[in-house]
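The opening position of the sequence shown corresponds to residue 315 in our numbering, with each subsequent residue numbered one higher.
To start, the structure itself, in structure tokens.
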Amino acid sequence: MTTQTPQQQTPSDLMIACEECGLVVDIPDIQDGQKADCPRCGHTLTKKITMPYHRPLAYGIACLIMLVLSLSFPFLSFSVNGMGQQIMLLNAAETLQHFENSVLAILLMLTVLVFPAIYIMLVLYLYVRAARVKHAGHLSGNTETLKMLCRILFRVQPWLMVDVFLIGVLVSLVKISALAHIGMGYSFWAFCLYSVLVVKCVSMVDRTWLWDQFFAMKHIDGVHEGDTHLDNNHVGCHVCNQINPMPQDHHTKCIRCESKLHGYNPQHSLQYSWAFLLASVVFYIPANLYPMMYTVSLGQTEGSTIMGGVVMLWQMGSWPIALVIFIASVFIPMAKMFALAWLYYCASKKPNDSTNEAIKRLKIYRMTEFIGRWSMVDIFVVAILVALVQLKNLMAISPGPAAICFATVVVFTMLSAMSFDPRVFWGKAKTNHGSELNATESNQ
Numbered sequence: 315m316t317t318q319t320p321q322q323q324t325p326s327d328l329m330i331a332c333e334e335c336g337l338v339v340d341i342p343d344i345q346d347g348q349k350a351d352c353p354r355c356g357h358t359l360t361k362k363i364t365m366p367y368h369r370p371l372a373y374g375i376a377c378l379i380m381l382v383l384s385l386s387f388p389f390l391s392f393s394v395n396g397m398g399q400q401i402m403l404l405n406a407a408e409t410l411q412h413f414e415n416s417v418l419a420i421l422l423m424l425t426v427l428v429f430p431a432i433y434i435m436l437v438l439y440l441y442v443r444a445a446r447v448k449h450a451g452h453l454s455g456n457t458e459t460l461k462m463l464c465r466i467l468f469r470v471q472p473w474l475m476v477d478v479f480l481i482g483v484l485v486s487l488v489k490i491s492a493l494a495h496i497g498m499g500y501s502f503w504a505f506c507l508y509s510v511l512v513v514k515c516v517s518m519v520d521r522t523w524l525w526d527q528f529f530a531m532k533h534i535d536g537v538h539e540g541d542t543h544l545d546n547n548h549v550g551c552h553v554c555n556q557i558n559p560m561p562q563d564h565h566t567k568c569i570r571c572e573s574k575l576h577g578y579n580p581q582h583s584l585q586y587s588w589a590f591l592l593a594s595v596v597f598y599i600p601a602n603l604y605p606m607m608y609t610v611s612l613g614q615t616e617g618s619t620i621m622g623g624v625v626m627l628w629q630m631g632s633w634p635i636a637l638v639i640f641i642a643s644v645f646i647p648m649a650k651m652f653a654l655a656w657l658y659y660c661a662s663k664k665p666n667d668s669t670n671e672a673i674k675r676l677k678i679y680r681m682t683e684f685i686g687r688w689s690m691v692d693i694f695v696v697a698i699l700v701a702l703v704q705l706k707n708l709m710a711i712s713p714g715p716a717a718i719c720f721a722t723v724v725v726f727t728m729l730s731a732m733s734f735d736p737r738v739f740w741g742k743a744k745t746n747h748g749s750e751l752n753a754t755e756s757n758q
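See the structure below:
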């Protein structure tokens, strides 16, 4: 099967409906190293990195090499009073499973190892295919499988937490460095490089650019530059950015990527967002009341809550780490829940026509969505300490009931932010800024 690719695409065919403000924008012909931002809200619509076919491949291969090295050698070692042990990276999940915390073990494996590995391998495969398509001038093979892999790539991306895990490792080392001797193995340094490479690799992948390498964006009659989601003449696909005609039923799929379309329905979006947010509030209470972990020292068992751990670090003189834990595990979850609740309350009221007010709320939403995943730092700290400190009655650490509750809080707040449709902030005021869009230089 052969499908024509968008080698020569007219500017009018490449229109994107901004997913954060709903404005339909005619994208100019951007060059390598440039990006196109929405002229109304500033959201990045698409970008093109320098050497777009080669750099992601180079970083992806380097990521896989560092991942293999991270799993092949000792990760950390721990010794006190002549007794000690060393762990591999996989031991963190295995130890959580031993303490019957399967949910945390699975969450750790998925966000730190499985999802990043899947993401990197998909990037390598898709960019190799894209390079071959450019060379051959046409797309051959099973297009359905290709569409499925592209969809998986961008649905996995929000759940990559390699960088968050690295911060958790560093915090855990500071926590116990005053009590014992800590050694960093070869895998620890490989994992540090792996984390940096994964973050860089993710920053190079652009959804619109990648889809356009395989399937041309189709032009839809009746949709013009400057239209918005309130004109009810189109639906933008959240997976590939294709503008679609208004769906006839709830099962209509995108004409390009075949993902299920979700029309503009602010009440439906708010219901899901409120449900996830209220669930996170419920779990946040036991997450702070119950111990996050138990420490056994010379036969004595002592529980430690989130705030208890912050106080202990502060008393030890490690106030920078105490501040990191307090911000990540106490301040950020509370601030995010309050911010989301305020945004949802504002969204439930009639939207105003003030662009400045909409942008202000949109910036708060972007910030809450960005910082939500960093609350997982405390969970990863517990995972590392549980795996590393197991010297029986001399010194041992086990996970407490608050760990699973806190992980649930983080996941639910992330799902709440993802379910919310920020286009609800924008009123009916027509903002025809499409002609003012200019390509700007990107840092890629």
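Using N, Cα and C, we set each Cβ at its ideal position, and we do this for glycine too.
Since the structure is predicted, the reported quantities are computational estimates derived from the model, not experimental observations.
Query: Short Cβ contact (8 angstroms threshold) for Phe429 with Leu474; Result: yes
Query: Secondary structure of Asp526, DSSP reduced to three states; Result: helix
Query: Selected residue, minimal CA-CA separation from Leu575, among Tyr586, Asn555, Tyr598, Cys551; Result: Cys551
Query: As assigned by DSSP and simplified to three states, the class of Lys362; Result: strand
Query: Coil, strand or helix - Glu750 by DSSP; Result: Residue confidence is low: Glu750 scores 46 on pLDDT, short of 50, so the model does not pin down where it sits. Its coordinate-derived value is still stated next. Three-state DSSP puts Glu750 in a helix.
Query: Buried or exposed (CB count within 10 angstroms, at least 16 for buried), Tyr659; Result: exposed
Query: C-alpha gap between Leu359 and Ile490, whole angstroms; Result: 45 angstroms
Query: For Glu334, the three-state DSSP class (helix, strand or coil); Result: coil
Query: DSSP three-state assignment for Asp340, whether helix, strand or coil; Result: strand
Query: Where Met626 falls: helix, strand or coil (DSSP); Result: helix
Query: Under the three-state DSSP convention, the category Thr619 falls into; Result: coil
Query: Reference Trp688; option with closest CA among Ala701, Phe590, Met402, Thr727; Result: Thr727
Query: Gly686: CB within 7 angstroms of a non-hydrogen atom of the ligand ATP; Result: Of ligands this structure carries none, so the ligand ATP is not represented either.
Query: Cut-off 7 angstroms between Cβ atoms - residues of its own chain near Phe502, not counting five sequence neighbours on either side; Result: Phe389, Leu390
Query: Where Lys650 falls: helix, strand or coil (DSSP); Result: helix
Query: Buried or exposed by the 16-neighbour rule on C-beta atoms within 10 Å, applied to Leu592; Result: exposed
Query: Residues that Gln400 bridges to, as DSSP identifies them; Result: Ser391
Query: Check whether Arg737 and Gly336 have beta carbons under 8 angstroms apart; Result: yes
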